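Take a look at the structure below.
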């Protein structure tokens, strides 16, 4: 049984890797910008794929026309087995006139005339694939419309609710222009990661458009029609028409592209495998160091927006001095989710510090409000990424350096704290300068 | 209450080892070997009862030093450490003028690195014979003042002294370059049979030079420039020793 599970997991990984390779070679031309144990990869594509697999939420930023939405569409089409036509029908565009009726659902007017309140849910709400295009064109007041939906996959309209058992969310955002709005922090925090869709470079870009439109590869009008009809009419008869359409589309993709798509069951198993992946102690300690630096304040107890700490604080050298807000409780969840997915992708049996280090900048970049002086020092540095990601990457490198220097002591302190708390014993904890030591002392009631 | 540290309960990390600790231990070990070798060398030389600076004694002492160093793997940093150790030594490691200098010279000639820099400014002792028999392809930079016999029997190497040199600089050198940035003492270039000796400052007195070239500042003082073509023919083929009083001085 166990062997079978392992084999299935390996098979699934092979399928997912084939999907990545196919998109990378035929649909989304990109330049590798990640080095995963010697294996080059494109962060946008890989993190989008991991988002779709794990049911995460990704904010894809970038200049107009650099493939933010198309990357998400291709990934979702191949991971969830929907032809592009169906994916397009579910995409919600961010614009000031957007309404709840267009995003979530609308009353069935025919039934309403007969005195019945029946909601016709939008494709966006019904499909597991959710793409919000140009989310920052939604005014701040309308961003709350999708807060709950993107958080839990729970949609409500006219006292009726719809809960998605599996879903992933992609939102794209352009850089600031006259038509964009600021994304409110609660909405930003709901995204697990932020990633930039970069220009692939002149040489790769020159290949785009030479061949037939890549979109035609994943279009399949026959199954699209079946999907759309099934979504409109619901289950009609003994066989589930959506499942039938999935099979039809998967067969077409297998024939034309040579790629085997994942079934619903495979996705579920794969998700369970990823979620069950063990996190090793060093990675655990590293995450604790990260969280302590992003939430600790010796003066005010914890970081709070609007309560910047004073100059000359003892912890000036740590990130807690450089940030204005507190790390949310969604941050560790995002880190674990993507670090596990990355370890699974690489075929490793546990999450190690390297996995955490790789995903951390993407998980913290959009959630962290940096002190202005910190951004000013980072702004003019030579970089390959937008400032928010660059600052997060540098911060990650700083924390990792500290972790590397103090790893043993920190883990020893955590171990002693475990004994202290369990036996209520009076054990002298190792003294250290890092905020994590102060957090341990607080947890043990020593401060 | 949840124990948030539970995962670390059974953590028993290995004692942290700093790379620096390993490096220091390694260097300590090498230094001990060198000191032991030096002691063997000194004992061997002590049997000669009286140490006299003459060709036979020099060769014998140098050969002994080379034999002692043969089985020790040391770096240029160890040479500096050894200098420091000998400079402050008392009792266990007996610093002897000439033998100590020869031992350091042997180390310079047999270390793996081709470029060796010794900072002598902080040393109280002025080791003689530094650069002794330095072979071709090696460069020895001596920062600060050096003692007597620097660059003795130089064998193609390049010795640079950033300070002053003592007496008998470049004695018996065969080939190579000895550069002294300030002044040199008496008998400079004594018995020199080849190579180039450059003294940027003053040469107190030239020795009996046989061959090679010696410069004092920009001026070549050996072989001395012939006064006229007609008189040069009557001179002996052996270049005449140039006495300091006959050389136009350049004050540095």
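Protein chains in written order, with the working numbering: chain A, 95 to 541; chain B, 2 to 253. Even glycine gets a Cβ: it sits at the ideal position worked out from N, Cα and C. Note that this is a predicted model, so its numbers are computed, not measured.
Nearest to residue i (by Cα), restricted to the options the options
i, options, result
"residue 313(A)", "529(A), 167(A), 160(A), 508(A)", "167(A)"
"residue 441(A)", "372(A), 254(A), 204(A)", "372(A)"
"residue 491(A)", "240(A), 422(A), 412(A)", "412(A)"
"residue 146(A)", "340(A), 255(A), 365(A), 271(A)", "365(A)"
"residue 3(B)", "410(A), 511(A), 368(A), 531(A)", "511(A)"
"residue 288(A)", "128(A), 155(A), 434(A)", "155(A)"
"residue 140(A)", "452(A), 446(A), 272(A), 369(A)", "452(A)"
"residue 1(B)", "63(B), 71(B), 135(B), 193(B)", "Past the edges of chain B, shown from 2 to 253, lies residue 1(B), and the structure says nothing about it."
"residue 463(A)", "326(A), 445(A), 277(A)", "277(A)"
"residue 421(A)", "162(A), 399(A), 198(A)", "399(A)"
"residue 384(A)", "305(A), 426(A), 348(A)", "426(A)"
"residue 160(A)", "122(A), 171(A), 320(A)", "122(A)"
"residue 201(B)", "147(B), 47(B), 215(B), 26(B)", "215(B)"
"residue 132(B)", "42(B), 224(B), 108(B)", "108(B)"
"residue 198(A)", "175(A), 521(A), 254(A)", "254(A)"
"residue 109(A)", "348(A), 423(A), 191(A)", "348(A)"
"residue 220(B)", "197(B), 27(B), 9(B), 143(B)", "197(B)"
"residue 263(B)", "75(B), 144(B), 206(B)", "Here chain B covers residues 2 to 253 and nothing more, so residue 263(B) does not appear."
Residue i: first and last residue of the uninterrupted beta strand (DSSP E) it sits in
i, result
"residue 255(A)", "254 to 257"
"residue 198(B)", "194 to 200"
"residue 248(A)", "248 to 251"
"residue 7(B)", "Premise fails: residue 7(B) is in no beta strand (DSSP E) and is neither H nor E."
"residue 375(A)", "It is not in any beta strand (DSSP E) - residue 375(A) instead sits in the alpha helix (DSSP H) that spans 375 to 389."
"residue 161(B)", "156 to 162"
"residue 193(A)", "Taken as a continuous stretch (DSSP letters only), residue 193(A) belongs to no beta strand (DSSP E), as it is neither H nor E."
"residue 142(B)", "140 to 144"
"residue 82(B)", "No beta strand (DSSP E) holds residue 82(B); the alpha helix (DSSP H) holding it covers 77 to 88."
"residue 213(A)", "213 to 215"
Residue i, enclosing alpha helix (DSSP H) - first and last residue
i, result
"residue 162(A)", "162 to 174"
"residue 204(A)", "203 to 207"
"residue 453(A)", "447 to 458"
"residue 262(A)", "First-last for residue 262(A): 262 to 267, but that is the beta strand (DSSP E), not the alpha helix (DSSP H)."
"residue 92(A)", "What the structure shows of chain A is the stretch from 95 to 541, and residue 92(A) is not part of that stretch, so it cannot be assessed."
"residue 182(A)", "178 to 184"
"residue 535(A)", "529 to 537"
"residue 190(B)", "Premise fails: residue 190(B) is in no alpha helix (DSSP H) and is neither H nor E."
"residue 345(A)", "335 to 351"
"residue 494(A)", "481 to 517"
"residue 118(A)", "No alpha helix (DSSP H) contains residue 118(A), which DSSP labels as neither H nor E."
"residue 43(B)", "20 to 47"
Counterpart residues of residue i in DSSP-defined beta bridges
i, result
"residue 289(A)", "154(A)"
"residue 396(A)", "390(A)"
"residue 223(B)", "215(B)"
"residue 180(B)", "161(B), 199(B)"
"residue 372(A)", "444(A)"
"residue 118(B)", "142(B)"
"residue 185(B)", "204(B)"
"residue 524(A)", "For residue 524(A), which the question treats as bridged, DSSP gives no partner whatsoever."
"residue 128(A)", "135(A)"
"residue 224(A)", "263(A)"
"residue 136(B)", "156(B), 157(B)"
Cutoff 8 Å: residue i Cβ touching any chain D Cβ
i, result
"residue 350(A)", "Any reference to chain D falls outside this structure, whose protein chains are A and B."
Q | Under 9 Å (Cβ pairs) to chain A, residues found in the segment 3 to 17 of chain B | A | With the criterion set as a beta carbon lying under 9 Å from some beta carbon of chain A, the members of the segment 3 to 17 of chain B are 4, 5, 6, 7, 8, 9, 10, 11, 12, 13, 14, 15, 16, 17, in sequence order.
Q | the segment 513 to 523 of chain A contacting the segment 395 to 408 of chain A, beta-carbon criterion three pairs below 8 Å | A | Output reads no: the segment 395 to 408 of chain A does not touch the segment 513 to 523 of chain A.
Q. Going along the segment 506 to 527 of chain A in order, which residues come within less than 9 Å of chain B, judged by CB to CB distance?
A. Listed by position, the residues of the segment 506 to 527 of chain A near chain B (Cβ gap below 9 Å) are 506, 507, 508, 509, 510, 511, 512, 513, 514, 515, 516.
Q. Which residues, taken in chain order from the segment 355 to 386 of chain A, show a beta carbon closer than 8 Å to some beta carbon of chain B?
A. Going along the segment 355 to 386 of chain A in chain order, one finds 375, 378, 379 with a Cβ nearer than 8 Å to chain B.
Q) For the segment 407 to 423 of chain A against the segment 477 to 484 of chain A, are there 3 or more C-beta pairs whose distance is under 8 Å? A) Too few Cβ pairs lie closer than 8 Å, so no.
Q: Would you check if there are 3 or more beta carbon pairs closer than 8 Å linking the segment 375 to 383 of chain A to the segment 349 to 359 of chain A?
A: They do not touch, by the three-pair rule.
Q.
Taking 8 Å as the cut-off, does the segment 131 to 149 of chain A touch the segment 180 to 188 of chain A (at least 3 CB pairs, one atom from each stretch)?
A. Below 8 Å, too few C-beta pairs join the segment 180 to 188 of chain A and the segment 131 to 149 of chain A to call them touching: fewer than three.
Q: Anything in the segment 527 to 539 of chain A with a Cβ closer than 8 Å to a Cβ of chain B? List those residues in chain order, please.
A: Within the segment 527 to 539 of chain A, the residues whose Cβ lies closer than 8 Å to some Cβ of chain B are 534, 537, listed in chain order.
Q. Are three or more beta carbon pairs between the segment 123 to 134 of chain B and the segment 96 to 109 of chain B nearer than 8 Å?
A. Note that the segment 123 to 134 of chain B touches the segment 96 to 109 of chain B; at least 3 beta-carbon pairs, one per stretch, sit closer than 8 Å.
(Q) Can you confirm whether the segment 103 to 118 of chain B touches the segment 76 to 83 of chain B when touching is taken to mean that 3 or more C-beta pairs between the two stretches lie within less than 8 Å? (A) With the rule of 3 Cβ pairs closer than 8 Å, the segment 76 to 83 of chain B counts as touching the segment 103 to 118 of chain B.
(Q) For the segment 485 to 506 of chain A, list every residue whose C-beta sits within 9 Å of some C-beta in chain B, in sequence order. (A) Listed by position along the chain: 501, 502, 503, 505, 506.
Q) Okay, do the segment 249 to 258 of chain A and the segment 379 to 391 of chain A touch, 3+ Cβ pairs below 8 Å being the bar? A) The segment 249 to 258 of chain A, when compared against the segment 379 to 391 of chain A, does not touch it at the 8 Å Cβ threshold.
(Q) Can you confirm whether the segment 208 to 226 of chain A touches the segment 255 to 262 of chain A when touching is taken to mean that 3 or more C-beta pairs between the two stretches lie within less than 8 Å? (A) Yes, since at least three Cβ pairs between the segment 255 to 262 of chain A and the segment 208 to 226 of chain A fall closer than 8 Å, the two stretches touch.
**Q.** Cβ pair count under 8 Å reaching 3, the segment 500 to 509 of chain A against the segment 427 to 438 of chain A
**A.** Contact check between the segment 500 to 509 of chain A and the segment 427 to 438 of chain A: fewer than three CB pairs, one atom from each, fall below 8 Å, which does not count as touching.
Q) Contact between the segment 153 to 172 of chain B and the segment 180 to 198 of chain B: three or more CB pairs below 8 Å? A) In the pairwise beta carbon analysis, the segment 153 to 172 of chain B is classified as touching the segment 180 to 198 of chain B: at least three pairs are separated by under 8 Å.
Q. Does the pairing of the segment 203 to 220 of chain A with the segment 283 to 303 of chain A give three or more beta-carbon distances under 8 Å?
A. Cβ pair count under 8 Å is below three, so no.
Q) Is the number of C-beta pairs between the segment 224 to 235 of chain A and the segment 188 to 202 of chain A that are closer than 8 Å three or more? A) Contact holds: three or more Cβ-Cβ distances are below 8 Å.
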